[in-house]
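Numbering (our numbering), first residue to last: 3 to 245.
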């Protein structure tokens with residue numbers, strides 16, 4: 003729904019890349035692809051992800067077996083199983099898709115071991131997505147000179163607010179501190195990578211009215227004085243030639 007609300011037609015999606023298999027990055031993959039199919043998908047759709055992505059897709063399709071068979075027989079659709087091509091990737095070069103070179107860097111997001119930052123290099127611009135990660139200095143080299151770096155970020159002052167609102171997660175604070183990047187450290191990555199624009203996503207906390215864009219800018223500015231955006235649902239970042 004967010005993709006459609008952003009003005010992107012589902013059938014215009016050329017490929018899908020998954021950084022890791024945490025539910026907030028994977029939960030709606032099956033429904034997204036299935037909805038593409040029910041609204042007219044007839045071509046191959048490549049899906050790239052880490053180890054386990056094939057098992058996820060097979061399990062999802064098994065759960066939809068009843069509906070899938072009915073739509074093939076009743077609507078005359080081609081089987082979705084013949085259209086989705088799943089590719090498992092690790093660190094290094096992932097693929098060259100439509101003239102865009104995609105590469106991956108394994109980042110640290112314990113306890114998940116198969117979690118990857120992704121870099122997209124076109125002929126005249128580049129973008130890097132950090133995925134979920136703790137402060138990981140090698141990411142600066144991976145993102146070196148990128149036009150856009152989309153990086154997760156966490157506010158120290160917001161951690162307790164999250165804990166207060168999340169019952170039944172006794173180890174949540176330990177996970178947050180071990181697996182995510184404090185906002186000032188994100189500024190270090192952007193600075194050391196010399197990126198054109200830093201865009202914050204996967205905000206922790208993401209929906210707390212006690213924190214505004216000013217809090218994020220203040221935390222990032224400890225180490226980064228370049229261009230920065232605080233991500234919002236539906237935000238679009240045009241990629242221009244060069245910077």
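The C-beta atom is built at its ideal place from N, Cα and C for all residues, glycine as well.
Asked, Found
"Beta-carbon gap between residue 151 and residue 185 smaller than 9 angstroms", "no"
"Runs of beta strand (DSSP E) lying entirely within the stretch 112-168, each at least 3 residues, in chain order", "118-123, 128-131 and 150-156"
"Stretch pair the stretch 56-71 + the stretch 20-37: three plus CB contacts closer than 8 angstroms", "yes"
"Contact belief for residue 129 with residue 149 at Cβ below 8 angstroms, rounded distance in angstroms", "6 angstroms"
"Sub-9 angstroms separation of residue 90 and residue 52 beta-carbons", "yes"
"Same chain, Cβ closer than 8 angstroms to residue 41, neighbours up to 5 away in sequence not counted", "12 and 13"
"Within the stretch 38-66, ranges of the alpha helix (DSSP H) (whole runs, at least 4 residues)", "55-65"
"Spatial neighbours of residue 48 in its chain, beta-carbon cut-off 7 angstroms, leaving aside the 5 residues before and after", "17, 87 and 89"
"Buried or exposed by the 16-neighbour rule on C-beta atoms within 10 Å, applied to residue 160", "buried"
"7 angstroms Cβ shell around residue 213 - same chain, five flanking residues per side excluded", "157, 160 and 207"
"Extent of the continuous beta strand (DSSP E) run through residue 90", "86-90"
"Exposure label - residue 154; buried when at least 16 CB within 10 Å", "buried"
"Residue 20 Cβ short of 8 angstroms to the ligand COA heavy atom set", "Here there are no bound small molecules, and the ligand COA is not part of this structure."
"Residues sharing a beta bridge with residue 232, DSSP", "202"
"Counted within 10 angstroms of its Cβ, other Cβ atoms place residue 239 as buried (16 or more) or exposed", "exposed"
"Three-state secondary structure assigned by DSSP to residue 213", "coil"
"Buried versus exposed, by CB contacts within 10 Å (16 or more), residue 10", "exposed"
"Reference residue 104, options 123, 190 and 221, closest by Cα", "123"
"Under 9 angstroms between C-beta atoms of residue 200 and residue 228", "yes"
"One or two residues paired with residue 97 in a DSSP bridge", "104"
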